[in-house]
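Novice:
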Amino acid sequence: MMLPMDYHLHTRFSPDSGSEPEAVCRRAVELGMREICFTDHFDLNEHELACRDFDIAAYLAEIERCRVLFAGELTVLNGLEIGEPHLYQSGLRAALQGHSFDYLLGSIHWVGDNLLGPQYLAKRNFTSACREYLAQVYATALVGPYHCLGHLDMVKRHSTSFYGKRFLYADFQGEVELILQALITTGRGFEVNTSGWRQGVAEPYPGLAVLKRYREMGGEMITLGSDSHTLAEQGSGLELGLELIKAAGFRSVTTFRQGKPYWLDI
């Protein structure tokens, strides 16, 4: 199968990855990818100290070097994964001004002073943990600056093992549908993040039920990403993710060029 995209890739420009961008491109060619987008972490959150020295100019220059190097073999796009964008709108706009990005992801990794994980979950019961996380996702679904929402229901990554309970769309339908409607209304979409399969969740972020409901509500904008931080993770689950997108009723995925969406038939 010719895979259309991987729109969630981390490199040494992220504090949680050591991958070289050129090596990521070479691996994408080996996997038969059509195009990739680098989405290294960009955070203004005061808790993300490791991201303070992010050099946007150097980052974009390296991606441009890869774009030229792999011309004719692979389409290479530049992007960022922005943490908690609803909390830092003015700072983000100032930081990004003067730079051109193909694609921006908006993601929630922190709820208040707690990083999603055992410390966050230990202070809450299952329902409260999920609802507080989804409330932050909803808040960021209403505003920019970004094009697609990252790992919409990632809280289930940790809640599944911590509480021994599965996050089910049916149990949080109201909260999730508010998020989906906000994305549709504001002209944004979300990714199918396939890392859930390798993180013990048995489905991507989000799963088939959410994808189907988004389609029923008129949603059209969907990207596909492995959320890889190593070359070994790269491309993981993308074939399954593409099949899930088709099963939900989509006949295309969304690609981006300088922030403008296009639809690619699948």
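Take 1380 as the starting number for the sequence shown in our numbering and just add one per residue.
Note that CB positions come from ideal geometry on N, CA and C, so glycine has one too.
1) Relative to the C-alpha of His1465, which residue among Asp1644, Ile1601, Ala1520 and Glu1409 is closest?
2) In angstroms with no decimal places, state the Cα-to-Cα distance between Phe1551 and Ala1501.
3) Taking the alpha carbon of Arg1405 as the reference point, which residue from Gly1451, Pro1524, Ala1440 and Phe1629 has its own alpha carbon closest?
4) Going by C-alpha to C-alpha distance, which of Asn1457, Asp1422 and Trp1642 sits closest to Ala1437?
5) Does the beta-carbon of Asn1572 have 16 or more other beta-carbons within 10 angstroms, so that it is buried, or is it exposed?
6) Go to Lys1639, then tell me how far its beta strand (DSSP E) extends in each direction, as first and last residue.
7) Where does Asp1532 fall in DSSP's three states?
8) Looking at Tyr1512 and Met1533, is the spacing between their C-beta atoms short of 9 Å?
9) From what residue to what residue does the beta strand (DSSP E) around Thr1633 run?
10) What does DSSP give as the partner residue(s) for Ser1607 in the beta ladder?
11) Helix, strand or coil for Ser1396? Go by DSSP, reduced to three states.
12) Looking at Glu1441: is its Cβ nearer than 9 Å to the Cβ of His1389?
13) What three-state label does DSSP hand Ser1486 in the structure shown?
14) Within the present structure, is the beta-carbon of Leu1617 separated from the nearest heavy atom of the ligand FAD by less than 8 Å?
15) What residue range does the alpha helix (DSSP H) around Arg1510 cover?
16) Classify Ala1627: buried if its beta carbon has 16 or more other beta carbons within 10 angstroms, exposed otherwise.
17) So, with DSSP's three-state summary, where would you put Arg1406?
18) According to DSSP, is His1420 helix, strand or coil?
19) Within the continuous beta strand (DSSP E) that includes Val1580, where are the two ends?
20) How about Gly1638 and Tyr1482: do their beta carbons lie closer than 9 Å?
21) Under DSSP, the alpha helix (DSSP H) around Leu1649 begins and ends at which residues?
22) Could you say which of Gly1566, Ala1611 and Glu1463 lies nearest to Asn1493 if we only look at CA atoms?
23) Under a three-way DSSP split, which group does Leu1500 fall into?
24) When DSSP labels each residue in this structure, what does Leu1494 get in the three-state scheme?
Specialist: Working from what's here:
1) Selected option, being the one with the closest Cα: Ala1520.
2) Looking at the two C-alpha atoms, the distance is approximately 20 Å.
3) The option with the nearest alpha carbon to Arg1405 is Gly1451.
4) Ala1437 has its Cα closest to that of Asn1457, out of Asn1457, Asp1422 and Trp1642.
5) The Cβ neighbour count for Asn1572, taken over all protein chains shown within 10 Å, is at least 16; the residue is labelled buried.
6) Segment Lys1639 to Asp1644, the beta strand (DSSP E) holding Lys1639.
7) Annotated three-state conformation of Asp1532 is coil, per DSSP.
8) Here Met1533 is near Tyr1512, since their CB atoms are less than 9 Å apart.
9) Segment Ser1631 to Arg1636, the beta strand (DSSP E) holding Thr1633.
10) DSSP lists Leu1388 as partners of Ser1607.
11) Looking at Ser1396 - three-state DSSP - the assignment turns out to be coil, as it is neither helix nor strand.
12) Not a contact, by the Cβ cut-off of 9 Å.
13) The answer is strand: DSSP assigns Ser1486 an E or B state.
14) Inclusion of the ligand FAD in the displayed structure is not the case, the ligand content being empty and no account of it being possible.
15) Arg1510 -> alpha helix (DSSP H) spans Phe1505 to Ala1520.
16) By the 10 Å Cβ count, Ala1627 comes out buried.
17) Three-state DSSP puts Arg1406 in a helix.
18) Three-state DSSP puts His1420 in a strand.
19) Looking at the DSSP string, Val1580 is not in any beta strand (DSSP E), and its letter there is neither H nor E.
20) The answer is yes: Cβ separation under 9 Å.
21) One cannot answer for residue 1649 here, as it falls past the ends of the chain, which runs 1380 to 1645.
22) Nearest of Gly1566, Ala1611 and Glu1463 to Asn1493, Cα basis: Glu1463.
23) Leu1500 falls in the helix class under three-state DSSP.
24) Here Leu1494 sits in strand by DSSP.
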